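Below is one structure, written out as structure tokens; comments come after it.
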Amino acid sequence: MRLLFLGDLVGRTGRMAAIEMLPRLRERYRLDFVIVNGENAAGGFGITEQILEELLDAGADVVTTGNHVWDQREALVFIERYDQLLRPLNFPPGTPGKGCGLFKARNGQEVLVINAMGRVFMNDLDCPFRAVDSELEACGLARGADAIFLDFHAEATSEKEAMGHFIDGRASCMVGTHTHVPTADHQILDGGTAYISDAGMCGDYNSVLGMEKEEPISRFLSRIPSSRFGPARGEATVCGVALETDDATGLARRFAPVRLGGRLARAEPEFWLSE
């Protein structure tokens, strides 16, 4: 199975680049399943129902989120109407929406997508390790799902690496999100789970994490907010990862970063392009 994940979409620049590219990427790579993190899609803070529908229409099968999921208050209502929109699994019981789901890929196989959030330097939610473990026990590889994908939205690299090793051999892939900078540690772990600390954002990299540079710099210098953060509006780089799973085991066969357009060095999954 061929899966594509796109990292945090930041503002109009990031989401429009992803929306424009997704139909071509699905065709170019013959993708079976696409996941997008949309928690910064609405002006850099949260997601609206209209934006969610635009992403789904463009070819996303599932949209994950993170700590900004409720920044657009309407999400508290419309998330209940969309199985394809996930919020972190480890929010307290009674929180609207859900943190995982089993979805059918274009090739007919079943994909379990889990969205969880870390606790180091983040909101103090329920334990993400126990929450993820419970879902893997309930619906494991080859006995409930043909592939399992975890978007772990976390700040600390140590927590992300620990999660990767915790689920190694039990999931197809764990991708870290939230820090908006693509890391160079993509790998397939010993047990067969693909891992990367952060897939990077889809947005303007001539920025501070996708935001116009002036206000973040000013706050670091003065410690005083002078205005709201605003998404940078230059050319976007679309960042993510490409995953190919083994149909027999559901574990990763091939894994590579994807970086298209904008300021970063281009990266494509050459193992797909050569076929």
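Whatever position you read off the sequence shown (first residue = 1), add 582 for our numbering.
In this text, a Cβ means the ideal position worked out from N, Cα and C, and glycines have one as well.
On a predicted model such as this, the values are computed, not experimentally measured, just so you know.
- Taking all protein chains in view, the Cβ of C709 is surrounded by fewer than 16 other Cβ atoms within 10 Å, so the residue is classified as exposed.
- Within its own chain, the residues whose Cβ lies closer than 6 Å to the Cβ of G641, once the five positions on either side in sequence are excluded, are L604, P605, R608 and V616, listed in chain order.
- DSSP places G593 in the helix class (H, G or I) of the three-state scheme.
- S789 and E692 have their C-alpha atoms roughly 38 Å apart.
- Excluding five sequence positions before and after D750, the CB atoms of its chain that fall closer than 6 Å to its own CB belong to L771, G773 and T775, given in chain order.
- By a beta-carbon distance limit of 8 Å, T819 contacts R845. Their separation comes to about 6 Å.
- Straight through space, the alpha carbons of F802 and A824 are spaced by roughly 35 Å.
- DSSP places V645 in the uninterrupted beta strand (DSSP E) bounded by V644 to T646.
- Pairing T595 with R815 gives a Cβ-Cβ distance under 7 Å.
- DSSP places D639 inside the alpha helix (DSSP H), whose first and last residues are E631 to A640.
- Looking at the DSSP output, F587 bridges to I617 and V823.
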